[in-house]
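Written below as structure tokens is the structure these notes are about.
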Amino acid sequence: MTGDETLLHAQDLVRRYTMRRGMFGRPVEVRAVDGVSLTLRRGQTLGLVGESGCGKSTTGRMVLGLEVPDSGGIAFANERMPPPGTPEWRRLRARMAMVYQDPLGALDRRLDIGTQVAEPLEIHGIGTRADRPGRVEALLRSVGLRPDQARRYPHELSGGQRQRAVLARALATSPDLLVCDEPISALDVSIQAQVMNLLSEVQQRSGVAMLFISHDLRAVRQMSHRVAVMYLGRVVEEGEPDEVLHSPAHPYAQALVSAIPHPGRRGGRIVLRGDPPNPVARPAGCAFHPRCPVAASVCAREVPALKRRPLDGRLVACHVAQGEAAPGAGLPQNAMEAA
Amino acid sequence: MSDIPLSAMPAPAVSAPPARRQARVPVLVVLAILWLVLMLVVAFAADLLSPFPYTALDLRNRLSPPVGMGGVWLHALGTDELGRDVLSRLITSIRMSLLIAFGATAISAVLGVTLGFLAAHFRGLVEQAVLALVDFQASMPFLILALAVLAFFGNALPLFICLLGLNGWERYARIARGLAVSAGSQGYAAAVTGLGASPWRVYGRHVLPNIASTLIVSMTLAFPEIILLESGLSFLGLGVQPPMTSLGNMVGYGREYLTRAPWILLAPSSVIVITTLSVSLLGDWLRDRLDPTLR
Chain A
1 MTGDETLLHA QDLVRRYTMR RGMFGRPVEV RAVDGVSLTL RRGQTLGLVG ESGCGKSTTG
61 RMVLGLEVPD SGGIAFANER MPPPGTPEWR RLRARMAMVY QDPLGALDRR LDIGTQVAEP
121 LEIHGIGTRA DRPGRVEALL RSVGLRPDQA RRYPHELSGG QRQRAVLARA LATSPDLLVC
181 DEPISALDVS IQAQVMNLLS EVQQRSGVAM LFISHDLRAV RQMSHRVAVM YLGRVVEEGE
241 PDEVLHSPAH PYAQALVSAI PHPGRRGGRI VLRGDPPNPV ARPAGCAFHP RCPVAASVCA
301 REVPALKRRP LDGRLVACHV AQGEAAPGAG LPQNAMEAA
Chain B
340 MSDIPLSAMP APAVSAPPAR RQARVPVLVV LAILWLVLML VVAFAADLLS PFPYTALDLR
400 NRLSPPVGMG GVWLHALGTD ELGRDVLSRL ITSIRMSLLI AFGATAISAV LGVTLGFLAA
460 HFRGLVEQAV LALVDFQASM PFLILALAVL AFFGNALPLF ICLLGLNGWE RYARIARGLA
520 VSAGSQGYAA AVTGLGASPW RVYGRHVLPN IASTLIVSMT LAFPEIILLE SGLSFLGLGV
580 QPPMTSLGNM VGYGREYLTR APWILLAPSS VIVITTLSVS LLGDWLRDRL DPTLR
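Chains A and B, in that order, are what the protein sequence lines are.
165 is the number that our numbering gives to position 165 of the first sequence; each next residue is one higher, with no gaps.
So our numbering is basically just the index in the second sequence, starting at one, shifted up by 339.
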């Protein structure tokens, strides 16, 4: 189930948006995703973390083929992703599915749950009309819903139940890949744990690969086999969850991890100075250098590549962590501060 | 996933969902439905129901008042200045006006929703073209357009219905485009597209039912407008041509006898008022009824 077979490979994805500021402003180019490469293996979960606006969701949509990258390519099961709207693309939908942040928005409020869960089966012509009720019942049970809830409408269910219904619909075609875009951030904390457990259960049972997008580091650590940390459209560190989330190598990942609250811990939190990242005015060199506590002068000039660190072979994009530059004291107006 | 035995799950305490409370149909809506059914029956069985042909003259009983105002049962709703039976003419008028109003409303709704969905689906140039058409339609005084078309092509009933169908399609187009765009950029339509659904399924099965309530309200507003527009055009002599008759036509010609024989005008006027009111009531109720979140 956790074979090393590559299911999806994304190479140097770039997605640009043009944005106009004000009525007569010049169009500005925003690089939402700037050269992201990902590899997903069958039956495994890749966690994607980063602050809002760093391009996590755009990456997820490109991986699913819902959005076309401006450059770079995606291969799913060793085949190129067909352009959206084509019949091949539509057929491929049966093999990949998405779980949304807002389950109420993702469900049609005029159709009952059973009809919506049966919809992928109808679209892809799976099974006969007669055995669909049975399949729907089994799907609902597999995500922990009662079969009689098939007749309920989305607004009659709780948030957690809706997310289960969305998951049942996503699993209807037994997909190979599930992209979960912040699947738990709209739920109560108690429900979050249930939905995460359900996702793990589903993965163990069906061997589906997942791209788990979240800003909740603990959720990512619980769910993922590998973790990638994104900052301003780039992956800055990637590796095993325990490595990345216990002893991060990249200064941004260190700051991110230190922000996880621990009961009883005092101090030791890295508070980043400077403005939150603005994808319109991307800093030269390493995008993180204006806020980085250990930035050296080379960081403002050269973009660090994501490569294996000679020391211990970890994938990190940082001049300092790679040992190419001595840790500086940060560039002017930045400082490390213990809170 | 379907291989999970049903008995494997611990039997959940199956509490049947609470029986959905069957909302009683309000009295006014019942009356509106009855009235509309009556109108439809009258329209379909006009030839059987009318006591006289609508052009038959009874010169000895000209301007005879209806029963209750000193009239006789021979002409229950009285007669007009030529001695034509008002009831017979009313029945023929109802058929004609309903045909025009339903036909034109249907044409404008279908045209508007189709163009709106096309604009929302293809965006880009198609959308710009549709929006330009919408703006053109909205800024053009419809009466002038109608006058020009009728003057050039002559007056025929199918042409007249199509022409009235052009009135108001831009509202449906705007509504359909706006709601389809917002549904498509995020939410259920995007989710269904992501499942691999064809555009036909996305728009027909999901977007259209979801925006139907707004469209129905818009249609109930447009229906009376079309009846009144038809009346106006008929009054100008551009609509339904004598000897054919319609409700607006009757009101227009009855105006001259408003003081001496008000029944000629009152009968079609009351039919217009009650029918448009019924359509509005029914539309309002249907909108609530079709929305599962309001039930």
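Even for Gly, the Cβ is constructed at its ideal location relative to N, Cα and C.
Excluding its 5 nearest sequence neighbours in each direction, Val381(B) has C-beta neighbours in its own chain below 8 angstroms: Leu388, Ile430, Ile433, Arg434, listed in chain order. Within a 10 Å sphere around the beta-carbon of Ile260(A) sit fewer than 16 other beta-carbons, which makes this residue exposed. Three or more beta-carbon pairs separated by less than 8 angstroms are not found between the region 229-249 of chain A and the region 77-88 of chain A, which leaves the two stretches without contact. Among the CB atoms of chain A, none fall inside 9 angstroms of the CB of Ser619(B).
Look at Tyr153(A): its C-beta is under 9 angstroms from a C-beta on chain B. In the three-state scheme derived from DSSP, where H, G and I count as helix and E and B as strand, Val30(A) is classed as strand. Within 7 angstroms of the CB of His545(B), the CB atoms of chain A belong to Asp108, in sequence order along the chain.
Shown here, Arg110(A) sits in coil according to DSSP, grouped into three states, outside any helix or strand. In this structure, Gly35(A) keeps its C-beta atom at 9 angstroms or more from the C-beta atom of Gly65(A). Excluding residues up to 5 positions away in sequence, Val579, Ser585, Gly587, Asn588, Gly591 lie with their Cβ nearer than 7 angstroms to the Cβ of Ser573(B) in the same chain.
DSSP assignment within the region 353-433 of chain B yields the following whole alpha helix (DSSP H) runs of 4 residues or more, N-terminal first: 366-383, 385-388.
Residue nearest to Ser37(A) within the set Glu5(A), Ala168(A), Ala326(A), Ala305(A) is Ala305(A) (criterion: CA-CA distance).
Listed as beta-bridge partners of Met62(A) by DSSP are no residues whatsoever.
A check of alpha carbon separations from Ala281(A) across Glu5(A), Arg31(A), Leu8(A), Gln101(A) identifies Arg31(A) as the nearest.
Chain A places a beta carbon closer than 9 angstroms to that of Pro548(B), counting this residue as a contact. Listed along the chain, the chain A residues whose CB falls inside 7 angstroms of the CB of Ala536(B) are Ile123. A Cβ of chain A is located within less than 9 angstroms of the beta carbon of Leu629(B). Thr632(B) reaches chain A at Arg109, Tyr153, His155, counting residues in chain order whose Cβ is nearer than 8 angstroms. Assignment of Ala471(B) by DSSP, reduced to helix, strand and coil, places it in the helix class. Here DSSP, grouped into helix, strand and coil, assigns Ile74(A) to strand.
Per DSSP, Met479(B) lies in no beta strand (DSSP E) segment and is marked neither H nor E.
The contact set of Glu119(A) on chain B, defined by CB atoms closer than 8 angstroms, consists of Val531, Leu534, Ala536 in chain order. Inclusion of Glu237(A) and Ala317(A) in the CB contact set at 9 angstroms is warranted, their separation being smaller than that value.
Contacts with chain B at 9 angstroms (Cβ-Cβ) include Leu64(A). Put simply, the CB of Leu199(A) is far from chain B, with every gap to its CB atoms at 9 angstroms or more. Interface annotation, Arg162(A): not in contact with chain B, CB-CB separation never under 9 angstroms. Under the Cβ criterion of 9 angstroms, Tyr100(A) is counted among the residues facing chain B. Taking 9 angstroms as the CB threshold, Leu92(A) lines the interface with chain B.
One Cα belongs to Arg20(A), the other to Glu29(A), and the distance between them is close to 9 angstroms. The alpha-carbon separation between Leu575(B) and Val369(B) amounts to approximately 36 angstroms. Residue pairing by DSSP places Tyr231(A) opposite Arg234(A) in a beta bridge. In terms of beta-carbon proximity, Gly463(B) stays away from the interface with chain A, with every pair separated by 9 angstroms or more. Judged by beta-carbon spacing, Thr59(A) lies within the 9 angstroms limit of Ile213(A), meaning their Cβ atoms are closer than that value.
Along the region 571-602 of chain B, the alpha helix (DSSP H) occurs as fully enclosed runs of 4 or more residues at 586-593, listed in sequence order.
Put simply, the backbone Cα of Arg265(A) is about 24 angstroms away from that of Ala193(A).
Against chain A, the beta carbon of Arg540(B) has neighbours under 8 angstroms at Ile123, listed in chain order.
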